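Numbering (numbering that gives the first Met the number 0), first residue to last: 0 to 383.
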Amino acid sequence: MNDLTQKVQQVFAEKFSATPSIYFSPGRINLIGEHIDYNDGYVLPAAIDKGVYFAIAPNKSDLVNFYAIDFDESFSVKIAEIKKDSSWKNYLLSVVNEFLILKQNIRGFDCVLSGDIPQGSGMSSSAAVEGGLAYALDDIFDCNLDPVTLALLCQRAEHNFPAVNCGIMDQFANMMGKRDHVILLDCKNITHRYFPLQLEGHEIILVNSKVSHSLASSAYNERRRQCEEGLKIIKEATAVQSFRDIATWEDLLPFKDKMGDIVFKRCKYVVQEMKRTVEAADLLQQQKLYEFGQLMYEAHEGLSKLYEVSCAELDFLVEFATQHPAVIGARLMGGGFGGCTINIVHNSLVDEFSSKIKNAYLAKFTIAAEIYRVKTSDGTGKLL
0 MNDLTQKVQQ
10 VFAEKFSATP
20 SIYFSPGRIN
30 LIGEHIDYND
40 GYVLPAAIDK
50 GVYFAIAPNK
60 SDLVNFYAID
70 FDESFSVKIA
80 EIKKDSSWKN
90 YLLSVVNEFL
100 ILKQNIRGFD
110 CVLSGDIPQG
120 SGMSSSAAVE
130 GGLAYALDDI
140 FDCNLDPVTL
150 ALLCQRAEHN
160 FPAVNCGIMD
170 QFANMMGKRD
180 HVILLDCKNI
190 THRYFPLQLE
200 GHEIILVNSK
210 VSHSLASSAY
220 NERRRQCEEG
230 LKIIKEATAV
240 QSFRDIATWE
250 DLLPFKDKMG
260 DIVFKRCKYV
270 VQEMKRTVEA
280 ADLLQQQKLY
290 EFGQLMYEAH
300 EGLSKLYEVS
310 CAELDFLVEF
320 ATQHPAVIGA
330 RLMGGGFGGC
340 TINIVHNSLV
350 DEFSSKIKNA
360 YLAKFTIAAE
370 IYRVKTSDGT
380 GKLL
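Now the structure itself:
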């Protein structure tokens, strides 16, 4: 039993009277396939061993009681009075609301939660919060919803009260993760295949830039709009219905003038990244880890130069990794403009790489980067 499992159990016992069930809901990484979940693309995520722990039990009332250890905040609400609130509470309340929309027989419950996903790291703590609560409610109230249905419920929940127009990747990886595997997820029709992640003496290391440029949310919406604009131009002249119908980026060239340089660059990145992601999964199947790492570098170049969601700090971290002999692949992970880079590093040199990249980053930006060693994990489940 790890420390956080004990912690949520202990705090639950101090605050409530029932014996709770304990659940773990993982964060996620995405090895390749960035910014294409909302373009009907393929992504290659994995659940990880950092996440959110829940202690939860029915309380035989019409009251829902939450206590978030990490914020030292609690709140209560009657089931019949659940509505949009503020900040982190919305992620929890919106999940309960989705069960009510589905006419599931949700009654009062007590819930304590705590996690070890660093804030702003891009490991999707929001999906871990949603997924853990959804899985627990399904379990304790015998709703019998399958994991894909729960993932889609969590996506709707994030769209609703928190008003974050996310794709399906985070919630799907959270529910469907499988230890020592990545998921090739088709975001168009929500089908998936597992591919083995055999790291052959390497580890996944995240380097947190500790910056979060204010462009992030506005740029995300702008990129979505630009992709929609480019696709509309192509649809008007061809039978293409989606970026995935386009064989190569050169097929975009006839539309370049009408699109303009910026929209053309966005579309070029999307078509290239879709191809890279499918190729990357095949390389993992063939245990060609070095070639897989090269695709990560290519993906970062596209994110930086074509999709333009990188920043000086992330470009520096990836460039440093490129020059280090222990690293075979690196790129920015997540929405961009800050957050983490994901690196595949030889396990005998992790400490040396971590020390050198932190020192170089501190010297360049006077910011102390944080290093996280992560392992793949199973999806959300019951521990006790």
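Cβ atoms here follow ideal geometry from the backbone N, Cα and C, with glycine treated the same way. It should be emphasised that the depicted structure is a prediction, and the values quoted were computed from it without experimental measurement.
Under the three-state DSSP convention, the category residue i falls into
{"i": "residue 16", "result": "coil"}
{"i": "residue 321", "result": "helix"}
{"i": "residue 34", "result": "coil"}
{"i": "residue 173", "result": "helix"}
{"i": "residue 344", "result": "strand"}
{"i": "residue 83", "result": "coil"}
{"i": "residue 356", "result": "helix"}
{"i": "residue 312", "result": "helix"}
{"i": "residue 367", "result": "coil"}
{"i": "residue 351", "result": "helix"}
{"i": "residue 282", "result": "helix"}
{"i": "residue 11", "result": "helix"}
{"i": "residue 199", "result": "coil"}
{"i": "residue 272", "result": "helix"}
{"i": "residue 305", "result": "coil"}
{"i": "residue 287", "result": "coil"}
{"i": "residue 421", "result": "For residue 421 there is no data in the structure shown, the boundaries of the chain being 0 and 383."}
{"i": "residue 39", "result": "coil"}
Other residues of its chain near residue i: CB distance less than 7 Å, five sequence neighbours each side excluded
{"i": "residue 75", "result": "62, 63 and 64"}
{"i": "residue 2", "result": "none"}
{"i": "residue 321", "result": "296 and 329"}
{"i": "residue 88", "result": "74"}
{"i": "residue 196", "result": "45, 179, 180, 181, 283 and 375"}
{"i": "residue 77", "result": "61 and 62"}
{"i": "residue 154", "result": "165, 167 and 170"}
{"i": "residue 275", "result": "31, 294, 297 and 298"}
{"i": "residue 391", "result": "This structure cannot settle anything about residue 391, because the visible part of the chain is limited to 0 through 383."}
{"i": "residue 26", "result": "47, 49, 50, 116, 122, 123, 124 and 127"}
{"i": "residue 79", "result": "61"}
{"i": "residue 363", "result": "315"}
Those residues which DSSP pairs with residue i across a bridge
{"i": "residue 76", "result": "63"}
{"i": "residue 380", "result": "23"}
{"i": "residue 183", "result": "192"}
{"i": "residue 29", "result": "44"}
{"i": "residue 372", "result": "204"}
{"i": "residue 211", "result": "337"}
{"i": "residue 327", "result": "Paired residue(s): none; residue 327 is not in a bridge."}
{"i": "residue 53", "result": "22 and 112"}
{"i": "residue 295", "result": "Residue 295 is not bridged to any residue."}
{"i": "residue 332", "result": "339"}
Contact set for residue i: own chain, Cβ-Cβ below 6 Å, skip 5 residues either direction
{"i": "residue 109", "result": "15, 56, 58 and 64"}
{"i": "residue 7", "result": "52, 54, 111 and 113"}
{"i": "residue 192", "result": "183"}
{"i": "residue 219", "result": "334"}
{"i": "residue 128", "result": "51 and 90"}
{"i": "residue 228", "result": "262"}
{"i": "residue 11", "result": "19, 54 and 111"}
Whole-Å CB distance - residue i paired with residue j, under 8 Å assumed
{"i": "residue 194", "j": "residue 294", "result": "About 14 Å separates the two Cβ atoms, so there is no contact after all."}
{"i": "residue 147", "j": "residue 189", "result": "7 Å"}
{"i": "residue 376", "j": "residue 36", "result": "Going by Cβ atoms, the distance from residue 376 to residue 36 rounds to 20 Å, so no, they are not a contact pair."}
{"i": "residue 308", "j": "residue 201", "result": "At roughly 26 Å, the Cβ-Cβ gap does not stay under 8 Å, so residue 308 and residue 201 are not in contact."}
{"i": "residue 422", "j": "residue 341", "result": "Past the edges of the chain, shown from 0 to 383, lies residue 422, and the structure says nothing about it."}
{"i": "residue 174", "j": "residue 379", "result": "6 Å"}
{"i": "residue 92", "j": "residue 280", "result": "No, residue 92 and residue 280 are not in contact; Cβ-Cβ is about 37 Å, not under 8 Å."}
{"i": "residue 265", "j": "residue 306", "result": "6 Å"}
{"i": "residue 349", "j": "residue 331", "result": "With a Cβ gap of about 20 Å, residue 349 and residue 331 do not count as contacting."}
{"i": "residue 120", "j": "residue 187", "result": "Contact doesn't hold; Cβ gap of about 28 Å is too wide."}
{"i": "residue 232", "j": "residue 257", "result": "5 Å"}
{"i": "residue 204", "j": "residue 370", "result": "6 Å"}
{"i": "residue 133", "j": "residue 151", "result": "That pair is no contact at about 10 Å."}
{"i": "residue 383", "j": "residue 105", "result": "Actually they are not in contact, since the Cβ atoms of residue 383 and residue 105 sit about 22 Å apart, beyond 8 Å."}
8 Å CB neighbourhood of residue i in its chain, flanking five on each side removed
{"i": "residue 366", "result": "208, 209, 210, 312 and 360"}
{"i": "residue 246", "result": "none"}
{"i": "residue 278", "result": "294"}
Output the residue ranges of the alpha helix (DSSP H) runs that lie fully inside the segment 214-266 and measure 4 residues or longer, sorted by chain position.
214-236 and 255-258
Ranges of the alpha helix (DSSP H) found wholly within the segment 87-111, counting only runs of at least 4
88-100
Of all the alpha helix (DSSP H) runs that stay within the bounds of the segment 112-178, which reach a length of 4 or more residues?
124-139, 146-159 and 168-175
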